[in-house]
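*Asks:*
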Amino acid sequence: MEWNELLKKRESCRVYRSDPVPHALLEELVASASRSPSGCNAQPWRFIIIDEPQARAKLIDALDDDGLTGCPWGEQVPAFVVICEVKATLKPLVAARYESQRFAQMDIGMAAMTFCYAATDRGLGSCMIGTFHEQKLRDAFGIPPEAKPRLIITVGYDKLCHPPRNKIRKPFEEICSCNHW
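Have a look at this one:
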């Protein structure tokens with residue numbers, strides 16, 4: 061798919077068909093995401109693919125953050141990918157000035173974006189979720205204390221398959237200036 065078409069087509073999907081996503085395809089998407097840029101090429105991420113029924117049930121439970129948030133449509137999601145932040149190893153000169161995790165969340169955001177665009181390119185829908193019960197997630201999937209769950213991405217075949225909605229964006233002048241604020 062051509063880049064500008066992909067930018068227009070990708071949007072958050074919350075209604076999925078029941079078809080499973082082939083595990084090999086999920087691994088391809090993670091491989092694509094792993095090629096995202098990261099500060100000092102630190103690659104401060106660890107991806108967990110969740111596509112087995114028992115694991116999906118545990119993840120859906122972790123999406124309920126004591127009633128604060130939740131994912132009422134989670135039962136229909138064929139697969140999830142959890143992205144965790146892990147210790148970044150920066151180049152010595154950079155590490156001397158900045159703490160090791162300074163760029164990690166931006167790096168994870170770029171990896172998540174790459175994952176979602178790669179999913180769209182392969183005919184899949186996706187949605188990023190940033191709210192969840194962290195301890196339930198840790199307990200369910202054995203996430204060690206030194207790793208920090210940051211995002212969950214839902215993945216599946218879009219059930220609605222409608223044309224992309226008209227996305228309202230702020231006026232260009234409101235988001236960009238040249239040579240001054």
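Everything in the sequence shown is counted per the working numbering, starting at 61 for the first residue and increasing by one. C-beta: ideal position from N, C-alpha, C; glycine also. These numbers come from a predicted model, not from an experiment.
#1: Give every residue of the same chain whose Cβ lies closer than 8 Å to the Cβ of residue 151, excluding the five residues on either side of it in the sequence, and list them in chain order.
#2: What is the DSSP secondary structure of residue 209, counted as helix, strand or coil?
#3: For residue 199, count neighbouring C-beta atoms within 10 Å of its own C-beta (all shown protein chains included) and say buried if the count is 16 or more, exposed if not.
#4: Rounded to whole angstroms, what is the Cα-Cα separation between residue 176 and residue 238?
#5: Suppose you measure from the CA of residue 246 to the CA of residue 89; what does that come to, to the nearest Å?
#6: Going by CA-CA distance only, name the one from 170, 182, 186 that's closest to residue 98.
#7: Just the C-alpha distance for residue 189 and residue 221, rounded to the nearest angstrom, thanks.
#8: What are the partner residues of residue 216, as DSSP defines its beta bridges?
#9: Considering only the beta carbon of each residue, do residue 86 and residue 122 sit closer than 7 Å?
#10: Please classify residue 232: is it buried, with 16 or more other beta-carbons within 10 angstroms of its beta-carbon, or exposed?
#11: Taking Cβ positions, are residue 144 and residue 207 nearer each other than 7 Å?
#12: Kindly give me the distance between the Cβ atoms of residue 141 and residue 76, rounded to whole angstroms, as I take these residues to be in contact under 8 Å.
#13: Between residue 70 and the rest of its own chain, which residues show a CB-CB distance below 7 Å, the 5 nearest in sequence each way excluded?
#14: Any idea which residues DSSP pairs residue 105 with across the strands?
*Replies:* Working from what's here:
#1: Walking along the sequence shown from the start, residue 151 turns up at place 91. Closer than 8 Å at Cβ, skipping near neighbours: 100.
#2: One-based indexing of the sequence shown puts residue 209 at position 149. Taken through DSSP and simplified to helix, strand or coil, residue 209 comes out as strand.
#3: Translated into positions along the sequence shown, residue 199 becomes position 139. Label assigned to residue 199: exposed.
#4: Working through the sequence shown from its first residue, we reach residue 176 at position 116. Working through the sequence shown from its first residue, we reach residue 238 at position 178. Taking C-alpha positions only, residue 176 is separated from residue 238 by approximately 30 Å.
#5: No information on residue 246 is available, as it lies outside the stretch 61 to 241 that the chain covers here.
#6: Looking up residue 98 in the sequence shown gives position 38. Nearest option by C-alpha distance: 170.
#7: Taking the first residue of the sequence shown as 1, we reach residue 189 at position 129. Taking the first residue of the sequence shown as 1, we reach residue 221 at position 161. Straight through space, the alpha carbons of residue 221 and residue 189 are spaced by roughly 21 Å.
#8: Reading the sequence shown from its first residue, position 156 is the one you call residue 216. DSSP lists 185 as partners of residue 216.
#9: Numbered from its first residue, the sequence shown carries residue 86 at position 26. Numbered from its first residue, the sequence shown carries residue 122 at position 62. Against a cut-off of 7 Å, the Cβ pair of residue 122 and residue 86 comes out as no contact.
#10: To locate residue 232, count along the sequence shown from 1; it is residue 172. Residue 232 should be labelled exposed.
#11: Within the sequence shown, residue 144 is the residue found at index 84, counting from 1. Within the sequence shown, residue 207 is the residue found at index 147, counting from 1. It is a contact, given that the beta carbons lie within the stated cut-off.
#12: Here the question's residue 141 lines up with position 81 in the sequence shown. Here the question's residue 76 lines up with position 16 in the sequence shown. The beta carbons of residue 141 and residue 76 sit about 14 Å from each other, so the pair does not count as a contact at 8 Å.
#13: By 1-based counting over the sequence shown, the position of residue 70 is 10. Hits under 7 Å: 176, 177, 180.
#14: Mapped onto the sequence shown, residue 105 falls at position 45. DSSP output for residue 105 lists 145 as bridge partner(s).
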